[in-house]
Amino acid sequence: MSRRRYSMVSGINEIIMTPLIDVTFLLLIVFVVTTPMLEYVVNVSPPKMTADRPEDPDNILITITNRGEILLERKTLTLAQVAMRLAELKAGKPEAAVLIRADADRAYREVIGMMRVVKAAGFTNLALVTAPEDDER
226 MSRRRYSMVS GINEIIMTPL IDVTFLLLIV FVVTTPMLEY VVNVSPPKMT ADRPEDPDNI
286 LITITNRGEI LLERKTLTLA QVAMRLAELK AGKPEAAVLI RADADRAYRE VIGMMRVVKA
346 AGFTNLALVT APEDDER
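Here the sequence shown is numbered in the working numbering, starting from 226 and rising by one per residue.
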């Protein structure tokens with residue numbers, strides 16, 4: 226009589242949970258890290274501007290043209306004349322804001338020079354006027 230060998234193949238009686246838990250935690254970490262990086266965007270169409278904004282009468286506008294002319298109160302002046310006129314305006318409008326509008330082709334040093342003249346006249350509120358950018362969104 227010959228003996229038969231029976232191989233004892235045992236079936237899996239339980240599911241191994243460790244790899245499943247590892248993958249779950251890995252996915253959780255990925256979502257926790259990437260969620261703050263998402264950008265929440267709401268598309269809004271702002272109203273169109275139909276009229277120019279009214280100028281504040283207390284503002285002092287200085288314009289530097291593309292030819293280098295300096296305009297203050299719509300009069301062409303030299304830099305020294307601008308300094309004297311700003312000193313006079315400072316006495317009458319101590320809290321006025323000075324707006325400098327310069328042509329894009331003018332050298333930056335000319336605008337800085339005008340800013341120095343405005344500061345020397347005692348004005349603390351100074352702004353540079355720029356053209357609005359086209360909104361391509």
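The beta carbon of each residue, even a glycine, is placed where N, CA and C say it ideally should be.
Nothing here was measured: the structure is a model prediction, and the numbers come from that model.
Span of the alpha helix (DSSP H), counted from its first residue to its last, around THR259
What you label residue 259 is simply residue 34 of the sequence shown in a count that begins at 1. Per DSSP, THR259 belongs to the alpha helix (DSSP H) from 243–259.
Drop a sphere of 10 angstroms on the beta-carbon of LEU311, count the other beta-carbons inside from all chains shown, and report buried for 16 or more, exposed for fewer.
As a position in the sequence shown, residue 311 is number 86, starting the count at 1. Buried, since its Cβ has 16 or more Cβ neighbours within 10 Å.
Does the beta-carbon of MET339 have 16 or more other beta-carbons within 10 angstroms, so that it is buried, or is it exposed?
Numbered from its first residue, the sequence shown carries residue 339 at position 114. It counts as buried.
Does ALA327 pass the burial test, meaning 16 or more other C-beta atoms within 10 Å, or should it be called exposed?
Working through the sequence shown from its first residue, we reach residue 327 at position 102. ALA327 is buried by the Cβ-count criterion.
Taking one C-beta from the segment 335–354 and one from the segment 296–316 each time, how about it: are there three or more such pairs within less than 8 Å?
Touching, per the Cβ criterion.
Unbroken stretches of the beta strand (DSSP E), 3 residues or longer, contained in the segment 311–358
For the segment 311–358, whole beta strand (DSSP E) runs of length 3 or above, ordered along the chain, are 323–327, 351–354.
Express the C-alpha separation of GLU335 and ILE325 in angstroms, rounding to a whole number.
Residue numbering aside, residue 325 sits at position 100 when the sequence shown is read from its first letter. Residue numbering aside, residue 335 sits at position 110 when the sequence shown is read from its first letter. Cα-Cα distance, rounded: 11 Å.
Can you tell me which of PRO261, LYS318, LEU286 puts its alpha carbon nearest to the alpha carbon of LEU353?
As a position in the sequence shown, residue 353 is number 128, starting the count at 1. Of PRO261, LYS318, LEU286, the residue nearest in Cα terms is LEU286.
Please report the distance separating the alpha-carbon of PRO319 from that of ARG292.
Along the sequence shown, one-based indexing puts residue 319 at 94. Along the sequence shown, one-based indexing puts residue 292 at 67. Rounded to whole angstroms, PRO319 to ARG292 spans 31 Å at the Cα level.
Under the DSSP definition of a beta bridge, which residues are partnered with THR288?
Within the sequence shown, the letter at position 63 stands for residue 288. Beta-bridge pairing links THR288 to LEU296, ARG326.
Residues that DSSP places opposite TYR301 in a beta bridge:
To locate residue 301, count along the sequence shown from 1; it is residue 76. Checking the sequence shown, residue 301 turns out to be Thr, not Tyr. Paired residue(s): LEU296.
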